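Using the numbering used here, read the sequence shown as starting at 686 and increasing by one per residue.
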Amino acid sequence: MKRWLVFFCILLFSLSIVLSIINKFIIDNTEKKALIKQEEKEEKQIIEYKANQTIRVKMCKTNEIIAMDINDYLRGVVASEMPAAYNIEALKAQAIVARTYTYRKMLENAEGPDVDMCDDFKHCQAFYNKEKLFSIWTNRGFDDSTRIDYWNKVNEAVISTQNQVITYNGEYIKAFFHASSPIKTENIDQIWGGIKIPYLVSVDNVEYENYPNRNSEVIVAFSDFEKQLEEQIDDNFKLSNIDDLKEKIKINSYTTSGRVKDIKVGNLIVSSEKLRTLFGLKSTQFEVNILDEGISFKVIGYGHGIGMSQVGANYMADNGKSCLDIIKYYYTGVDIITIK
Ligand SMILES: [Zn+2]
């Protein structure tokens, strides 16, 4: 009798273990299915995110917030960020980049609850309305028919690429762009102290040699250099403490694409990004030389060097490449999709 009781208890115990395993398996599977469903839903939300919508743009000078159609906004951005004289395929690439940049920022809610984008190019993207653009073009000496031609091109760039955006793994990319990188574009992790982003990696770049901002030089007087470094970096900094300037002011290290990462001034290390903002250098690709009148920075290119080079995009377009070729070249491994 006792033996039967023991046997019965063991049977009950085993049964309860089997039941709990089955139960866990069912719960796990249900959770997994729910998770997959959630992921599918989120992906759909990203892709379908408010195509053809109204956008609220803050004018930074006046703090005025203007609601406008997304295409009106994009026409203004494309014409403000890229010369309208550029090849139509480069302008179309700029339109897709601008649209992607806008949607990503909107998704991130970067401007807060009441505004989608602002018109400050350092924070969001430059934006002028049609009237302002025509007056800028007039001031630059363009005649009536050129101005109309420019506007038609900008309009075509936006409308012919309508709803097209750049994605990577189903998400809008960080669509950074810049004016010019005559040799190579930059890896994002090499500047801004950032992490690697697989589509923002350095690529070889060919540009027009006659681009006006390709080569520039800034000569900083010794007194200005000393003052800025003392005020912005090290309270005790004095150039007079450095014996041999030619020997003691030099480039300390380079990024993988060949831009300057930092320079050494005596014992002080100064990042090239800091120098770029302090002394208005057009890029961080430069040579340093000590002249009688001050410190010379001979600079190549214009901008941070990340993502699409606009001058390079125009060069590619003039050589028969489409806007999609251009985007796929500067943003490695991306997809270009149309939002429904
Ligand atoms: Zn902004």
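Using N, Cα and C, we set each Cβ at its ideal position, and we do this for glycine too.
These numbers were taken from a predicted model, which means no experiment stands behind them.
Report yes if the C-beta distance between residue i and residue j is below 8 angstroms; otherwise report no.
| i | j | result |
| --- | --- | --- |
| Leu914 | Leu885 | no |
| Arg741 | Ala752 | yes |
| Ile755 | Gln738 | yes |
| Phe861 | Gly992 | yes |
| Lys815 | Met802 | no |
| Ser908 | Ser994 | no |
| His863 | Gly990 | yes |
| Gln849 | Thr1023 | yes |
| Lys777 | Ser845 | yes |
| Ile1012 | Ile1021 | yes |
| Thr941 | Asn872 | yes |
| Ala780 | Val763 | yes |
| Gln917 | Leu963 | yes |
| Val984 | Glu902 | yes |
| Leu1009 | Ile975 | no |
| Thr804 | Lys869 | Rather than Thr, the amino acid found at residue 804 in this sequence is Asp. Against a cut-off of 8 angstroms, the Cβ pair of Lys869 and Asp804 comes out as no contact. |
| Lys923 | Glu774 | no |
| Ile904 | Gly986 | no |
| Ser839 | Ala769 | Ser is not the amino acid found at residue 839; the sequence shown has Val there. Result yes, Cβ atoms of Val839 and Ala769 sit closer than 8 angstroms. |
| Val973 | Lys935 | yes |
| Tyr835 | Trp822 | yes |
| Pro883 | Thr785 | no |
Mind checking whether the beta-carbon of residue i lies closer than 7 angstroms to any heavy atom of ligand 1?
| i | result |
| --- | --- |
| Cys809 | yes |
| Glu1058 | Any question about residue 1058 goes unanswered here, given that the chain covers just 686 to 1025. |
| Asp801 | no |
| Asp805 | yes |
Return the Cβ separation of residue i and residue j in integer angstroms, given the expectation that the two are a contact with Cβ distance under 8 angstroms.
| i | j | result |
| --- | --- | --- |
| Tyr1015 | Val888 | 6 angstroms |
| Val945 | Phe971 | 6 angstroms |
| Val1019 | Ile851 | 5 angstroms |
| Ser765 | Ala795 | Contact flag wrong, Cβ pair sits at about 19 angstroms. |
| Tyr857 | Tyr788 | 5 angstroms |
| Asp1003 | Asn854 | Their Cβ separation, rounded to whole angstroms, is 32 angstroms, which puts Asp1003 and Asn854 out of contact at 8 angstroms. |
ask   = Counting pairs of beta carbons, one from the segment 961-977 and one from the segment 888-903, are three or more of them closer than 8 angstroms?
value = yes
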